């Protein structure tokens, strides 16, 4: 018991919505390949209807299940998980992990915690994510003072190293006192998209450091939950939340972002809707109307200065 107490407690927060088919690999790999002695896994279920809750309770009895009554999206779902973890386990760190991931290195969590312990100003750490076709998943540079640098890539020569000032996806180790200082994910971005970018900006401005930790890796099956969302909804929330974000943090380049939204309306990857067919023009008009609605909604939300940090 004393040996365990020498390791800071880590609570996994894994958000799930109808991801029963993903949870077997995810949870099995955590329990099999994590040799860190002081951690707890919490599944936050966003109102799944595919039997996810029953499956986890039956097959992974050591895993906590926080069952929500409906799909609250990314921000509120994770915020509920944060509050539950702090209230029940009071961890020093929270580990946010996508349910479409697989752990493949036994020492992965130990390495990340050991690095976090070197500096109390390290607020967030993300590791290297590898896709199923062996590509290194995109990450990017983020600077709290210069929003223009938000989409720079990790240099190839740094992929296996440690870099500061990078945004994180898929797997994020967060110090608990980050949430005590800046709050949780802003639920104004619900149900999904851009809430993480907003969070990173606030973390940086609060004086914490953000690192990409390329010395360990996980496997990521890539956006399995978003693929289940209707295309029209994805377009609306992507554009609305991008607008809210740049209204808050990047008004100088907002016109360019709006122009980019309308340019995206022309893009099609479906050969059945090529530029010579009436279906393309119908879909183009629909995307334009959705984009206009998203922009209008974003301005309404911004004028009200809505925020919902816990």
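Residue numbers (my numbering): 420 to 729.
C-beta atoms are modelled at their ideal positions from N, C-alpha and C, and glycine is treated no differently.
All values reported here derive from a predicted model rather than from experimental measurement.
- In chain order, 505, 510, 511, 512, 513 place their CB closer than 7 Å to the CB of residue 595, counting only its own chain and leaving out the 5 sequence neighbours on each side.
- Here residue 474 carries a helix assignment [DSSP, helix/strand/coil].
- Within 10 angstroms of the beta-carbon of residue 656 lie 16 or more other beta-carbons, which makes it buried.
- Considered as a whole, the region 458-535 harbours 471-478, 492-508, 527-535 as its complete alpha helix (DSSP H) runs of no fewer than 4 residues, in chain order.
- The criterion of a C-beta distance shorter than 8 Å is not satisfied by residue 613 and residue 556.
- Residues of the same chain with a CB within less than 7 Å of the CB of residue 664, apart from the 5 flanking positions on each side, are 613, 616, 617 in chain order.
- Inclusion of residue 522 and residue 448 in the CB contact set at 8 Å is warranted, their separation being smaller than that value.
- Judged by beta-carbon spacing, residue 516 lies beyond the 8 Å limit of residue 638, meaning their Cβ atoms are not closer than that value.
- Look at the region 622-689 and you find these whole runs of beta strand (DSSP E), each 3 residues long or longer: 628-639.
- Residue 696 sits in coil when the DSSP states are folded into three classes, being neither helix nor strand.
- Residue 634 and residue 719 have their C-alpha atoms roughly 44 Å apart.
- In the structure shown, residue 704 falls within a helical segment according to DSSP collapsed to helix, strand and coil.
- According to DSSP, residue pairing for residue 431 in a beta bridge involves 460, 514.
- In terms of Cβ geometry, residue 451 and residue 474 do not form a close pair [threshold 8 Å].
- Within its own chain, the residues whose Cβ lies closer than 7 Å to the Cβ of residue 622, once the five positions on either side in sequence are excluded, are 542, 543, 597, 601, 629, listed in chain order.
- For residue 667, same chain residues with a beta-carbon under 6 Å away, outside a window of 5 residues either side, do not exist.
- The continuous alpha helix (DSSP H) containing residue 423 extends over residues 421-424.
- Looking at the backbone, the Cα of residue 627 and that of residue 619 are separated by about 10 Å.
- Here DSSP, grouped into helix, strand and coil, assigns residue 592 to strand.
- The C-alpha of residue 496 is placed about 16 Å away from the C-alpha of residue 468.
- According to DSSP, residue 581 shares a beta bridge with 632.
- In the DSSP assignment, residue 550 is bridged to 639.
- Inclusion of residue 609 and residue 503 in the CB contact set at 8 Å is not warranted, their separation being larger than that value.
- In this structure, the CA atom of residue 530 is about 26 Å from the CA atom of residue 435.
- In this structure residue 537 is exposed. Its beta-carbon is surrounded by fewer than 16 other beta-carbon atoms within 10 angstroms.
- Inclusion of residue 518 and residue 582 in the CB contact set at 8 Å is not warranted, their separation being larger than that value.
- Excluding five sequence positions before and after residue 587, the CB atoms of its chain that fall closer than 8 Å to its own CB belong to 543, 544, 545, 558, 615, 619, 629, 631, given in chain order.
- Counting along the chain, residue 450 sits inside the alpha helix (DSSP H) bounded by residues 439-452.
- A residue is called buried when at least 16 other Cβ atoms come within 10 angstroms of its Cβ; residue 483 meets this threshold and is buried.
- DSSP, reduced to helix, strand and coil, places residue 541 within a strand of the structure shown.
- Per the DSSP secondary-structure output, residue 620 pairs with nothing in a beta bridge.
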